[in-house]
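Asker:
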Amino acid sequence: MTSANNTSKLGVGQCTTSACQTEHVHDHSHDHDHAAGDHSHEHSHDHDHSHAEQASHSHEGACCSAPAFGPSVTLAASTSTRLVVHIADMDCPAEENMIRSGLKKLDQVQNLGFDLMQRVLTVDHVDGARDKVLGALRGLGFEPRMADEEPVKQVSPKQGLIRIAGAVVLALAAEISHWLAAPEWLVIVLALAAILSGGVQVYKKGWIALRNGQLNINALMSIAVTGAVLLAQWPEAAMVMSLFSLAEWIEARSLDRARNAVDSLLKLVPDEVLVSADGKDWQRVPANQVQAGWQVRVAPGERFGLDGKVLQGLSTVNQAPITGESAPVDKAPGDEVFAGTINGMGELVYQVQAAHDETLLARITRSVQEAQANKAPIQRFVDQFSRIYTPLVVVAAALMAVALPLIWGVSWSESVYRALVLLVIACPCALVISTPVAVVSALASAARAGILIKGGVYLERARQLRYLAVDKTGTLTLGEPSLSEYGSLRPSLSDSEVLDMAVALAERSDHPASQAIARGRVASGLVRLDQFEALAGNGVQAQGTTGQLRLGKRSWVLGQNKAESSQVEQQAVESGATMVYLGDEHGLLAWFAMMDTLRPTTSQAIRDLQAQGVQVEVLSGDHEQAVRHVAQQAGIKDFRGGLLPQDKLDRIEEKLGNGLVAMVGDGINDAPALARADVGIAMGALGSDIAIETADVALMDDDLGKIALLMRQSRALHAVLWQNISLALGIKAVFLVMALTGQATMWMAVFADVGASLLVVLNSLRLLRARNP
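Just remember that the numbering used here sits 1 ahead of the position in the sequence shown, which is counted from 1.
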């Protein structure tokens, strides 16, 4: 037996972007509306998406957004083309229904996807139908915009506010003039000036909706104000229109905060970086023009503009924009650095590894944006309810206008007025935005904390977590085992010779245990191997000059052979060491003992999860004694060792149906179990493209405590969602009763409708500040 420390020195192992579009494939659940029928489905698809930088501008209307989206992108292995456009006036289910009805008539349209919060329409159509689709949208009164078109110049928020403030002043003047018994013509002039100043866009949008047989808030408000004018309620008509425009402006500004929360991550990246293509001539160029392979110099205190690998210098880096943790991380030549992170006191030179639109930060932002399509059940309920809510209320208003005079003897003018009040609160905008604003805010908050969540469905359900399966190596432990001791089991072979054989096999494997052995010695080159093969859950094997060699689990290496464990082996096993064996066709050749260290945050993380009622169980391929040792250190009662990937999958399936089941692993070796669990969580996703693309939730650092934080954020989101829905429906229910009994006025109804929208938006924005709710 040889102590590893005595034989050798063992080392420790070492878009949303500018004017461009990016195709990538992902495999997540999405909700889509089909042109051929009005239904939704929730299962996995592979989709290609086109993304482009969001232009910086604003709209006056509520629920507005500003992204510029890419031109058509042909879907891989398909005759279908995906068109993603931004439509400024698409902010309500009424507009969605209008577009769906209009595009449904085109045989070339296959699928439709709507994001009302971002005002994004996705159309899958047959090749060559792009112009027809765009023409149909313009025929409906909408102006679709794509990345290759110049952005429409927008009225600044300040200009819009000045005009709306003028409308409010005129409306107040009309009200005061009416109260002071001024000449009727003066009241009419002031009221008309207020209505036209604040309501031109409202009437324009309302007319487009009515022309297409749809009822949105603008159409309903136009009808209500016009009805008030016909009833000679001039001051009230002016006040309703001006207050509605003011409330919409305030709501739009509030929504911009939620909408820009995710995109603000990209603003952490500097516009220009100091680069050199040859390492000699340095100059500042826009970050989006830098190519992979170029060198970038970062001064102390500067932010990194791109992802890369350090070539020169020593420093520390604040990686909070990626991991959520501001503790500095040491960087030396060979280490990776990421866009948006902050350099410490040393100057670094790094080589760019990814273009501006493919940095980790850009992919995180893109992933969170796409996650909005993966709706939580409560979001789908709200969407379905909102589609029938407005028609029902409009019918109720019409019935009330007729029934009150005929049955209860209310005057026709009073009856019509009450019906107009009801129309004002008929639009479900407050209900529609009650869920997506909250979800987007929570997703953005989680991303800033280093938790990348692939959809509202996973975030909303995380609070229900009851069982969490955890891998041992790299999850509970640091995942950097070191070779502590080893020994030959074949008298004809020395310890040095068996180590040479093991290193030759291990250096071609990426398993942590193999890497620990490979770090034990530089390969001598004397051991020649062919036909290398890695077998998941067992080990690696290859053909040597004297026959087949295996390195891995004892039972697998032994095969049909038998062997008794030596006393030294047993002592190593009892100490909790991870055991790896080398063998040939005749039996065991050597044993290798490796020790791993528990992560500093593991024990506290487990206690936090258990305090929230989560059963934590270790599922590991390591032998049972090693698993027991780590589980006891972490404070975990349940553990299983010696498991193959299929065994882990079977255990997950056993637990399904008894509360929410989650699995946390490295996103690669535990792929089957991660995919089968209700929520698959990949840990240590920083720098791992596979984990970011495949996991339902990706923890950007190695802190298991982020799962407890995820659960707290989930509970906070759930509470806000139900608060929003209760506010939206409760306020409308109260005013429905008040309208029926004649207790509500039109201006009160305006506050009820737009005020409810504003309240749910402001309530949702609280989640942006809840980094550790």
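For each residue, glycine too, the CB sits at the ideal point set by N, CA and C.
Helix, strand or coil for residue 744, going by three-state DSSP, please let me know.
Answerer: In the structure shown, residue 744 sits in coil (DSSP, three-state: anything other than H, G, I, E or B).
Asker: Grab me the residues of residue 479's own chain with a C-beta within less than 7 Å of its C-beta, minus the 5 sequence neighbours each way, in chain order.
Answerer: Closer than 7 Å at Cβ, skipping near neighbours: 597, 598, 600.
Asker: Between which two residues does the beta strand (DSSP E) holding residue 1 run?
Answerer: No answer is possible for residue 1: the residues shown for the chain start at 2 and end at 774.
Asker: Our contact map puts residue 506 next to residue 541 with C-beta atoms below 8 Å; I'd like the distance itself, whole angstroms only.
Answerer: With 8 Å as the limit, residue 506 and residue 541 qualify as a contact, their Cβ atoms being about 5 Å apart.
Asker: Is residue 322 buried or exposed, if buried means 16 or more other CB atoms sit within 10 Å of its CB?
Answerer: When all chains shown are included, residue 322 counts as buried.
Asker: Could you spell out where the beta strand (DSSP E) holding residue 316 opens and where it closes?
Answerer: 316 to 319 is the extent of the beta strand (DSSP E) around residue 316.
Asker: Could you name each continuous alpha helix (DSSP H) segment of 4 residues or more that falls completely within the region 294 to 356, going from the start of the chain to the end?
Answerer: 321 to 324, all fully within the region 294 to 356.
Asker: Going by beta carbon distance, what residues of the same chain come within less than 6 Å of residue 394, once the five residues before and after it are set aside?
Answerer: Here the set comprises 427.
Asker: Would DSSP call residue 862 helix, strand or coil?
Answerer: For residue 862 there is no data in the structure shown, the boundaries of the chain being 2 and 774.
Asker: Unbroken beta strand (DSSP E) runs of length 3 or more, entirely within the region 516 to 602: which are they?
Answerer: Runs of the beta strand (DSSP E) inside the region 516 to 602: 531 to 536, 540 to 545, 548 to 553, 579 to 585, 588 to 596.
Asker: Could you round the C-beta distance between residue 595 and residue 624 to whole angstroms and report it? I think they count as a contact, below 8 Å.
Answerer: Rounded, the Cβ-Cβ distance is 12 Å, inconsistent with contact.
Asker: Closer than 7 Å by C-beta to residue 287: which residues in its own chain qualify, once you throw out the five before and the five after it? Chain order, please.
Answerer: Result list for residue 287: 272, 273, in chain order.
Asker: With the cut-off set at 8 Å, would you say residue 298 and residue 348 are in Cβ contact?
Answerer: A contact, by the Cβ cut-off of 8 Å.
Asker: Please state whether DSSP places residue 452 in a helix, a strand or coil.
Answerer: Strand, per DSSP.
Asker: Taking residue 289 as the reference, which of 306, 577, 619 has the closest Cα?
Answerer: Answer by Cα proximity: 306.
Asker: If we call anything under 8 Å between Cβ atoms a contact, is residue 147 one with residue 86?
Answerer: Yes. Within cutoff.
Asker: Apart from the five residues on each side of it in sequence, which residues of its chain come closer than 6 Å, Cβ to Cβ, to residue 528?
Answerer: Closer than 6 Å at the Cβ level, and outside the excluded window around residue 528, lie 501, 502, 505.
Asker: Using a Cβ-Cβ cutoff of less than 8 Å, which residues in the same chain neighbour residue 735 once the five nearest sequence positions on both sides are dropped?
Answerer: For residue 735, where only same-chain residues beyond five positions count, the Cβ hits under 8 Å are 753.
Asker: Report the start-end ranges of each beta strand (DSSP E) in the region 620 to 686 that is 3 residues or longer and not cut off at the edges.
Answerer: Listed in chain order, the complete beta strand (DSSP E) runs (minimum 3 residues) inside the region 620 to 686 are 639 to 641, 661 to 666, 680 to 684.
Asker: Just mark residue 725 as buried or exposed, buried being the case when its beta carbon has 16 or more other beta carbons within 10 Å.
Answerer: Buried.
Asker: Measuring CB atoms only, is the region 507 to 521 touching the region 640 to 657, in the sense that at least three cross pairs come out at less than 8 Å?
Answerer: Too few Cβ pairs lie closer than 8 Å, so no.
Asker: By Cβ distance below 6 Å, which residues in the same chain neighbour residue 196 in space, the five residues on each side in sequence not counted?
Answerer: Hits under 6 Å: 239, 242.
Asker: Tell me, to the nearest whole angstrom, how far the beta carbon of residue 451 is from that of residue 701; I am working on the premise that it is less than 8 Å.
Answerer: Rounded, the Cβ-Cβ distance is 4 Å, consistent with contact.
Asker: Thinking C-alpha only, which one of 654, 674, 685 is nearest residue 667?
Answerer: Nearest of 654, 674, 685 to residue 667, Cα basis: 685.
Asker: Suppose you measure from the CA of residue 697 to the CA of residue 462; what does that come to, to the nearest Å?
Answerer: Near 12 Å, if we compare the C-alpha coordinates of residue 462 and residue 697.
Asker: Taking residue 673 as the reference, give the member of 189, 472, 548 with the closest Cα.
Answerer: Here the closest residue by C-alpha is 472.
Asker: Helix, strand or coil for residue 749, going by three-state DSSP, please let me know.
Answerer: DSSP places residue 749 in helix when its eight states are reduced to three.
Asker: With DSSP collapsed to three states, give me the class of residue 427.
Answerer: In the structure shown, residue 427 sits in coil (DSSP, three-state: anything other than H, G, I, E or B).
Asker: Would you kindly work out how many angstroms separate the C-alpha atoms of residue 302 and residue 333, rounded to a whole number?
Answerer: For residue 302 and residue 333, the distance between alpha carbons rounds to 16 Å.
Asker: Kindly indicate which residue of 739, 718, 742 has the alpha-carbon position closest to the one of residue 767.
Answerer: If we check each option's Cα against that of residue 767, 718 comes out closest.
Asker: Measure the alpha-carbon distance for residue 444 versus residue 141 and round it to whole angstroms.
Answerer: Looking at the two C-alpha atoms, the distance is approximately 33 Å.
Asker: Which class does residue 784 belong to by DSSP, given the choice of helix, strand or coil?
Answerer: Outside the displayed range of the chain (2 to 774) lies residue 784, so it cannot be described from this structure.
Asker: Could you round the C-beta distance between residue 765 and residue 439 to whole angstroms and report it? I think they count as a contact, below 8 Å.
Answerer: So it is a contact: roughly 4 Å between Cβ atoms.
Asker: Where does residue 508 sit, in a helix, a strand or coil, going by DSSP?
Answerer: Of the three classes helix, strand and coil, the one that applies to residue 508 here is coil, per DSSP.
Asker: Cβ of residue 759 versus every heavy atom of the ligand HEM: is any distance shorter than 7 Å?
Answerer: The ligand content of the structure shown is nil, which means the ligand HEM is not present either.
Asker: Going residue by residue through the region 695 to 724, where are the continuous beta strand (DSSP E) segments of at least 3 residues, counting only ones entirely within it?
Answerer: Those beta strand (DSSP E) runs which fall completely within the region 695 to 724 and span 3+ residues are 698 to 700.
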